[in-house]
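Structure record follows, encoded as structure tokens.
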Amino acid sequence: MKARSVIFTHVQYPMTIFGLPPILTILSLAGGAVAYVVLVLAGAVPIALIGAAVVTVIGLVKTHRLGRTDRHIESAVLSTFKFWGFSWGAW
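Just so you know, the working numbering puts 48 at position 60 of the sequence shown, and the rest follows in order with no gaps.
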């Protein structure tokens, strides 16, 4: 006889911010901050805020699409280099 678990994993969802796992939200917002700093240092101050907003929105949209396909996508994204196409053999 198979024992049943008292934890129903099929109904558990990870904590989210804007519908995304916290680490992916932070990475998306950090991408916008980096874009802002790079544009300010490059002297493109008038478009720095617009560029940061565009990069942030693109990052949030891409990660939100990934999150809809798999609710636990952050563990796949952050724990394996194969997701990014990284090969240890190239080094």
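Even glycine gets a Cβ: it sits at the ideal position worked out from N, Cα and C.
Every value quoted in this text rests on a predicted model; they were computed, and no experiment measured them.
Linking Val42 to Leu48 through their CA atoms gives a straight-line distance of about 10 Å. Each residue's CA atom was taken as its position, placing Ala21 and Leu8 some 18 Å apart. For Tyr24, the CB contacts under 6 Å within the same chain, skipping 5 residues up- and downstream, are Ala36, Ala40 in chain order.
Spanning the alpha carbons of Ile46 and Ile11 requires a straight line of approximately 16 Å.
Taking all protein chains in view, the Cβ of Ser16 is crowded by 16 or more other Cβ atoms within 10 Å, so the residue is classified as buried.
Rounded to the nearest whole angstrom, the CA to CA distance from Gly19 to Ala32 is 17 Å. Partner residues in a beta bridge of Leu27, as assigned by DSSP, do not exist. Under the 10 Å beta carbon count, Thr57 is surrounded by fewer than 16 other beta carbons and is classified as exposed.
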